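As structure tokens, the structure follows; a few thoughts come after it.
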Amino acid sequence: MVKSKPQKSKPKKQPQAKKNGKQTDMVRFRAHLDSLGLKIIEITADGNCFFRALADQLEGNEEHHQKYRSMVVQYIEKNRETFEPFIEDDVPFNEYCQSMEEDGMWAGNMELQAASLVTHCNICIHRYMSPRWYIRNFNDQEARMVHLSYHDGEHYNSLRLKEDPCNGPALPVIIKADADISAASNQAKTAASKSNWAANLINEGSIKMVMAGTGCENTRKVEEVLLQVGGDVDAAVEFLVAEQAAEIYSGINNDADTSHGDNKNGNCEQHKEEPIMKTCKQDKSNNSIKRSHDDSGYKPNEKIPRNKVCPCGSKKKFKACCGSATGIPSTSNQTVDSRKGRKDRKQSKKGGPANTVSSCGSDGGPPDMGALCI
Numbered sequence: 030m031v032k033s034k035p036q037k038s039k040p041k042k043q044p045q046a047k048k049n050g051k052q053t054d055m056v057r058f059r060a061h062l063d064s065l066g067l068k069i070i071e072i073t074a075d076g077n078c079f080f081r082a083l084a085d086q087l088e089g090n091e092e093h094h095q096k097y098r099s100m101v102v103q104y105i106e107k108n109r110e111t112f113e114p115f116i117e118d119d120v121p122f123n124e125y126c127q128s129m130e131e132d133g134m135w136a137g138n139m140e141l142q143a144a145s146l147v148t149h150c151n152i153c154i155h156r157y158m159s160p161r162w163y164i165r166n167f168n169d170q171e172a173r174m175v176h177l178s179y180h181d182g183e184h185y186n187s188l189r190l191k192e193d194p195c196n197g198p199a200l201p202v203i204i205k206a207d208a209d210i211s212a213a214s215n216q217a218k219t220a221a222s223k224s225n226w227a228a229n230l231i232n233e234g235s236i237k238m239v240m241a242g243t244g245c246e247n248t249r250k251v252e253e254v255l256l257q258v259g260g261d262v263d264a265a266v267e268f269l270v271a272e273q274a275a276e277i278y279s280g281i282n283n284d285a286d287t288s289h290g291d292n293k294n295g296n297c298e299q300h301k302e303e304p305i306m307k308t309c310k311q312d313k314s315n316n317s318i319k320r321s322h323d324d325s326g327y328k329p330n331e332k333i334p335r336n337k338v339c340p341c342g343s344k345k346k347f348k349a350c351c352g353s354a355t356g357i358p359s360t361s362n363q364t365v366d367s368r369k370g371r372k373d374r375k376q377s378k379k380g381g382p383a384n385t386v387s388s389c390g391s392d393g394g395p396p397d398m399g400a401l402c403i
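Residue numbers (the numbering used here): 30 to 403.
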């Protein structure tokens with residue numbers, strides 16, 4: 030037979046070493062709490078430690094633990110829709126509540142939350158080598174803060190100030206570092222509430238209505254105007270329309286100033302119109318000359334000897350009749366056209382009938398901007 034090799038026995042764990050480690054951690058934890066000005070109030074470890082520690086904080090007597098257990102269970106039962114989804118292991122709700130009502134049943138996170146709500150207090154849990162854990166359901170100014178210590182994941186103790194005489198409810202504890210964090214948190218909540226107020230005041234529909242009524246495509250500008258007028262869409266539209274009209278008017282004035290600045294004499298329009306009027310009148314006079322010669326039967330391109338009889342029928346020689354008037358316009362027509370030209374020029378200089386359109390008001394001032402009521 031083959032002999033089996035003797036197995037070496039594993040060294041047994043030394044329970045004393047583990048106990049010493051816990052004691053060392055406890056000493057260090059106490060030293061840390063001491064630096065915060067706190068001391069540990071030892072609570073009986075019988076499964077009711079959380080409710081006992083809560084009773085010590087609120088009344089100064091841990092023996093009233095059963096009262097707080099009942100308060101917590103009843104609150105959970107009344108708010109079933111809130112707490113039922115957090116029950117683990119598919120335990121029926123009624124069965125869970127019945128078991129939690131029994132003496133010695135450990136409290137979990139759900140019971141801590143319910144305890145904070147039913148007693149109207151916030152809770153701070155201190156743990157060794159871990160951040161403090163806060164359950165904040167109320168503002169610090171409205172509710173007191175309960176301070177508990179949690180040890181090895183199985184036991185709660187009560188924490189009080191070192192100078193607390195322990196003859197009643199725990200004295201208020203303020204941890205400066207946490208107070209600064211709380212103030213920053215309150216500021217963030219205030220800013221969030223203001224943004225929510227603005228969001229409720231200015232919705233997407235009102236922004237679109239203002240943009241459609243004014244043609245403004247700047248969403249941020251529309252939001253700012255709506256904030257200024259308290260969310261009134263009509264007032265925001267009137268404000269933006271008036272602003273746009275003012276911008277257009279200022280742009281027209283700038284263009285007018287530029288054009289007048291380029292023209293030193295300030296009469297550019299008149300100088301442009303006069304040559305046109307002259308050419309038109311010359312065309313009319315030329316037409317009248319042509320008509321007079323056409324009526325007489327004389328054609329300028331026809332070559333007629335100057336000593337022959339004039340073809341106009343006057344029985345005079347051509348040189349003494351129509352030949353002497355070749356290319357010379359009629360003096361009567363020229364006199365009439367020149368008079369018309371002088372009259373038109375005088376009217377244009379006096380500011381008579383002109384085809385220019387003024388962009389200003391009837392009295393030369395800015396256009397009417399309407400009325401804005403905010």
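Every residue gets a Cβ at the ideal spot worked out from N, C-alpha and C, and that includes glycine. In this text, all values refer to a predicted model and were calculated from it rather than measured experimentally.
- The beta carbons of L188 and L200 sit no closer together than 7 Å.
- Going by DSSP, L190 is part of the beta strand (DSSP E) stretching over H184 to L190.
- In the DSSP annotation of this structure, the continuous segment of the alpha helix (DSSP H) that includes I105 starts and ends at H94 to K107.
- Around the CB of M158, fewer than 16 other CB atoms lie within 10 Å, so the residue is classed as exposed.
- Residue pairing for Y179: DSSP places it in a beta bridge opposite R156 and Y185.
- Cβ contact annotation for L62 (same chain, cutoff 8 Å, sequence separation greater than five): K68, I69, H155, S178 and L188, in chain order.
- Here the C-alpha atom of C78 lies approximately 19 Å from the C-alpha atom of R161.
- Per DSSP, K237 is one residue of the alpha helix (DSSP H) stretching across E233 to T243.
- One Cα belongs to G242, the other to A274, and the distance between them is close to 14 Å.
- The C-beta distance from A82 to N186 rounds to 6 Å, short enough to fall under 8 Å.
- Distance from the CA atom of T111 to the CA atom of L141, rounded to whole angstroms, is 14 Å.
- Nearest to E192 by C-alpha distance, out of K346, T53 and L65, is L65.
- Annotation: N138 to R249 spans about 45 Å, alpha carbon to alpha carbon.
- Nearest C-alpha to N196 among N49, L87, K345 and F347: L87.
- In the three-state reduction of the DSSP assignment, K345 falls in the coil class, being assigned neither a helical nor a strand state.
- Per DSSP, reduced to three states, the secondary structure at L87 is helical.
- Around the beta carbon of R98, a 10 Å sphere encloses 16 or more other beta carbons of the protein chains shown; the residue is thus reported as buried.
- Shortest Cα-Cα distance from L146 to any of S343, M174 and Y125 involves M174.
- If one requires a minimum length of 3 residues, the beta strand (DSSP E) runs lying completely within the stretch 108-156 are 151-156, in chain order.
- Going by beta carbons, C126 and E113 fall outside the 7 Å limit.
- Residue range T248 to Q257 is occupied by the alpha helix (DSSP H) that includes L255, with no beta strand (DSSP E) assigned at that position.
- Checking the DSSP bridge columns, you'll see K68 partnered with R189.
- Only buried fits T148, as 16 or more other CB atoms lie within 10 angstroms of its CB.
- In this structure, G260 and I231 form a Cβ contact; the two beta carbons are roughly 6 Å apart against a cut-off of 8 Å.
- For V202, the three-state secondary structure derived from DSSP is coil.
- Scanning A144, K345, C339 and V202 for the CA closest to the CA of Y104 turns up A144.
- With a 10 Å radius around the Cβ and a threshold of 16 neighbouring Cβ atoms, I72 comes out buried.
- As DSSP reads the structure, M174 sits in a beta bridge with N151.
- Within the model, the alpha-carbon separation for V338 versus K345 is close to 6 Å.
- Put simply, the backbone Cα of A264 is about 40 Å away from that of F167.
- The alpha-carbon separation between A136 and F58 amounts to approximately 23 Å.
- Here the alpha carbons of H184 and G50 stand approximately 17 Å from one another.
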